[in-house]
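Residue numbers (our numbering), protein chains in the order written: chain A, 17 to 380; chain B, 17 to 380; chain C, 17 to 380; chain D, 17 to 380.
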């Protein structure tokens, strides 16, 4: 039997379940979980803020594990045959249909309605399809990445789902060398965005967030300077950004907060003809009041929504993570490791912001 | 002496002035005005809704005239030497500095703070720098286009300032062949956007506006179908668009209304991973309430503000206008010609929407 | 039994075979072929100029047919359930893996090495996987398009494989409204490129080719003017283009000839900072001598190779074809219909250029 | 009197001239030259390989100096008023007309035919318009950048004209995070391209060149590995690149050699659907034989010519240079300082490749 932590319904305590060992299909892979994580989305899941979630679920969308068994020969994206003991991760999004209008005509793969997501839209009744479990069942066709020898499980899970999410946001933001980039938010996505903004040519990275411990972390993760939100007004923050940019505002602003008001504040601090990438509004947290003349039209602004991730984001994020594994204190983002039976505590800690990154260690 | 119609101050009746003949500098051109126009911006000017306007002004930013005199040899953008009697128009925006950060580093020429605009930001005390006048003084460096022999002044002034504005909006919207395009607004900008959307590859163009006369005109200017706003709700209109697009929404929505609420409605009718270009919020008409999760983030939407125009938009718009001069009933957009002394009436008619295009004919 | 015309080996006469009726899998579709075509690629196949072709093959990559049977419920890309008698076409390229580095990381789907192409890289031993046959077997997952009621099989097959190929080339060429576009080549790809260039905003389309009958056809398919290659030198043609463009050269040149020398000629007639899209070099026809300083570097030129097509090109091409079905004399491109047993004659006719479009009509 | 080194005619020894102090116009600036440089272009000038050069000229297009006098108040691009003693550089390209078709319609500013270049297309008879001189006369309108306090003249001149040229090439190459980038050529442009490729997100940078001293420098300037051309064949080098990229080839190749054959070699080592940016073919060094099917069409390749630079490239390059001034051994690129009277020797040293960067120090 396999132990898994299950979110049985919104607002209910998570439970420890014993689940039968999976029978392995041709092309599938069973992982022994090394780490999974608790992120803001898991808190949303716990409060029932996402539509269409098939509770009970095993949460944990981004995880890292070791190959325990494969259904025949299975290869990773680079064509490497997977062997028992290999350290791997995988794209949580699965079952893109590659047939629908969004997949085939719009090439907007993150909008395919057939997508299922490990740890979010798979039910616990369908199998070990989430990371808060001793084992994870990778269905045939799940996109797998074997870690390079130099990359540890700890380094990867430090960024966790923040890695591909921030990578996608930075890609959409099309940073040019010499740009000043503001990152709104200093959670894992925001911190990873600071790193990727820096690595893709930003001259100055300004992180805006709270509390002090996260701001301090931001400085070590590529931010040149930080602005705390606890002791400033939105107008003061926008003015601070303008003061650092010759009065113009930032070339690029990346939103990673989840707070609707961030949109109004962010469009105030971006320069005319700049770019504003919105990645953090993952759930419906309400409305914002905006002046379209001042915020968009007169600014000649580009606003770019960022939904989901595809395999290229995870793949490239890992390449960059491995290359720059020693250049940033990745693992210092991990505030605490939690056993499977401590996942409820981890949810509470993430919700209060007491921790930057809460990591689930099923083998603990 | 030259007769000109002057907007002396916000909310005051316009006045007829007699102005001295201009002394012509080297590189300058004096035009005998054939037509100018009254557009929504002129109504805004009349009500004092634009900041920094140096009243009294001679309105009329887009005009067409015949060369009366030149200060030495003056050439148009194609290098043609201008001769007396040539029919020409010119870019209303002048004095881009080509030196500032926006001009030189950001290549965002419409955000250069040195820009002055004929008919808007030049004072009547500075000369004949607006089209509601028998003559227009083109300062050295004003960008001029000599009309091809096949293009009449009437055809051009039918579109007027709507031509480069709509051209820019359509360019920003990056329409792909096969796209369904919604145009919000059926004033001159919206009607020109219908044409340019059609000419740049739209499969279906849906125009949304009022009143019936404008909707009828939209059908003749490239719209495949129209939706009236007087007898529908925003939700009904969004649903109508989805019904015409397999439930997905339009690939591209172009806003040309000036009404803040159009932003909320437009993001509701654009498809996921689509494009929303905002061209109509030329003045501050207030706020709109928006849900950033549903309207932007989850949609993976691109929102693109469109501010001002540069010479390429006017130049290319005229090329296309001339090519397709017989394919659309351009001059039917002109509701009425007004003499200079009827400009006040024209302002009222434009404001009420009684007319599609009000043309000033100084020689009338 | 099903009659099919088989290319048994390079340089051998094609043969009529009788093939067993296919057993239909779940998700598959059997079509009764209405039309297929003979294009330049088929001539290349006949002469063995493509690598890796598994002779014997049933040629005919782009075809149109009526649904005879389906393996259970099968839907087209718009989600419409296919019924017996429906008129459909399909993307000849099949079995994109959606797993490899090119599919998943580079998003370069036309470079997936797993791709198989109906009529080209499927062997006759694998089934009815080509259009020169009374029936075509569409394997599960083949991307199908049901024709709108207004679109006839004749109109579609007139363009045939030239439709998606030219669509892709024009998409890569990113034409802006007002551009002058040269199309090198007046075969089906070139003629379709004239139409799509026109529909996507070209001001002037200049077609270059031979013989006179094709040049005449080009004029009716969207070209504003034509230049014959039989009585001009490359230098004269480049000069003619410059003469039509104020001495600058064309904004965009699209190559659809298959002749290596076209590259040198085309870069000579494109303007500085223009775009050169190469679609016609489908097989290795030899080398060309180029001066990289003059042809590329000093011109600040963009050269864009165009390989293969994906489903979006076929899908959007058909939308545009149907919309503009009456605006161009599509079916006049068809020079002659051939029965299956006349396919050898068709190959000869295409090779000599005696025909513009040779259509196979298996039911004839 | 001002001492200047003059290139009087092709293939003649350079001469020392004494030139009258310039009378300063309103808006002009006189610099006391701190450093200028000798680059490959100067060798081309010396051999008469550029068309339209108005010999005699004062070479030296990229230079750094201290403000000696200004004609009234003169500002730099950030709006800072220039004061005596300020350390500045300037864009060598001047007199973009901002009026012609290329400036106004194509927005292809580096193709404006009115452009004049300090040290190249200004004659010595027109004044002190080149850097091999004790003083440089900056005409009104020359775009000036005041150095930040942290940036030294030595650091800047180490890169010299290679900085904006490489910046432009890397910008055109649109590197994505995770890309493998090959830089062909290890002169100053190639070395700067290694740095900018690294800074804009390259995962791996592979420099190809000679001799050993330059290859060693490349490793210190951002290249992960180097391939020498003196002991390898083109086929071996292409294979080496494929071996480092899973058999695919590099995502991006940037050419900075000036050797036509580099085009054939580079297209062989770039991956399918990759990008090839050509920056080094600054003069006509002959032809190359290319197979358009294999090198462009089948590869679905993007080839991008890179001509000249505009102000944004210099401005942003300096921002990045200053930020990363300690991260790379910039000044180690300087092989030797030469007095004005040693410029002839410097030309010879650059031509033989004995030096990486030859710096002119007029005050020496």
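Positions of the beta carbon are idealized from the N, C-alpha and C atoms, including for glycine.
Just so you know, these numbers come straight off a predicted model, no measurement behind them.
Burial check for residue 195 of chain C: the Cβ neighbour count within 10 Å reaches 16 or more, so the residue is buried. In this structure, residue 46 of chain C keeps its C-beta atom at 8 angstroms or more from the C-beta atom of residue 20 of chain C. Per the Cβ contact rule, the segment 220-233 of chain A is in contact with the segment 191-207 of chain A (3 or more Cβ pairs under 8 angstroms). Following the DSSP letters along the chain, one finds residue 33 of chain D inside the beta strand (DSSP E) bounded by residues 31-35. For the segment 79-108 of chain B, the set of positions with a beta-carbon nearer than 8 angstroms to some beta-carbon of chain D reads 93, 94, 95 in chain order. Listed along chain B, the residues sitting closer than 7 angstroms to residue 124 of chain A by beta-carbon distance are 288, 289, 316. Under the Cβ criterion of 8 angstroms, residue 328 of chain A is counted among the residues facing chain C.
Straight-line measurement puts the Cα of residue 263 of chain C at about 24 angstroms from the Cα of residue 231 of chain C.
Beta-bridge annotation (DSSP): residue 335 of chain A is not paired with any residue. Rounded to whole angstroms, the gap between the alpha carbons of residue 114 of chain B and residue 301 of chain C is 48 angstroms.
According to DSSP, residue 200 of chain C shares a beta bridge with C/224, C/271. Against residue 336 of chain C, the close residues of chain B are 193, 194, 217, 219, in the order they occur along the chain (beta-carbon pairs closer than 9 angstroms). Nearest to residue 82 of chain B by alpha-carbon distance, out of B/62, B/88, B/104, is B/104. Taking 8 angstroms as the CB threshold, residue 120 of chain D lines the interface with chain B.
Distance between residue 237 of chain C and residue 327 of chain A, taken at the CA atoms: about 42 angstroms. Residue 21 of chain A is bridged by DSSP to A/32. At least one CB of chain A lies nearer than 8 angstroms to the CB of residue 339 of chain D. Listed in chain order, the positions of the segment 204-215 of chain D with a beta carbon within less than 7 angstroms of a beta carbon of chain A are 212, 215. Chain order gives no chain A residues near residue 323 of chain C, where near means a beta carbon separation below 8 angstroms; the closest approach is about 16 angstroms. In the pairwise beta carbon analysis, the segment 32-48 of chain C is classified as touching the segment 86-96 of chain C: at least three pairs are separated by under 8 angstroms. Per DSSP, the beta-bridge partners of residue 105 of chain C are C/80, C/161. For residue 174 of chain D, the enclosing alpha helix (DSSP H) starts and ends at 169-175.
Here the segment 289-296 of chain B does not lie against the segment 142-156 of chain B, with fewer than 3 beta-carbon pairs under 8 angstroms apart. Rounded to whole angstroms, the gap between the alpha carbons of residue 171 of chain B and residue 56 of chain A is 58 angstroms. Interface flag for residue 159 of chain C against chain A is set, since a Cβ pair is found closer than 8 angstroms.
A contact between stretches requires three or more CB pairs, one per stretch, nearer than 8 angstroms, and the segment 277-290 of chain A meets this requirement with the segment 298-317 of chain A.
As for any alpha helix (DSSP H) of minimum length 4 sitting wholly inside the segment 327-371 of chain C, the runs are 327-339, 359-368, ordered along the chain. Comparing C-alpha distances from residue 110 of chain C to each of C/368, C/136, C/100 shows the shortest one belongs to C/136. Residue 191 of chain D has no beta-bridge partner at all, per DSSP. The three-state reading of DSSP puts residue 248 of chain D in coil, since its state is none of H, G, I, E or B. For the pair residue 33 of chain A and residue 99 of chain A, the Cα-to-Cα distance works out to about 29 angstroms.
Against chain C, the beta carbon of residue 134 of chain A has no neighbour under 9 angstroms; the closest one sits roughly 17 angstroms away.
Taking 8 angstroms as the cut-off, the beta carbon of residue 313 of chain C is found no closer than this to the beta carbon of residue 69 of chain D. For secondary structure counted as the beta strand (DSSP E) over 3 or more consecutive residues, the segment 121-162 of chain D holds these complete runs in sequence order: 151-154, 160-162. Around the beta-carbon of residue 17 of chain A, fewer than 16 other beta-carbon atoms lie within 10 Å, marking it exposed.
Sequence-distant partners of residue 108 of chain D (beyond 5 residues in either direction) whose C-beta falls short of 7 angstroms from its own C-beta, in its chain, are 77, 78, 133, 134, 135.
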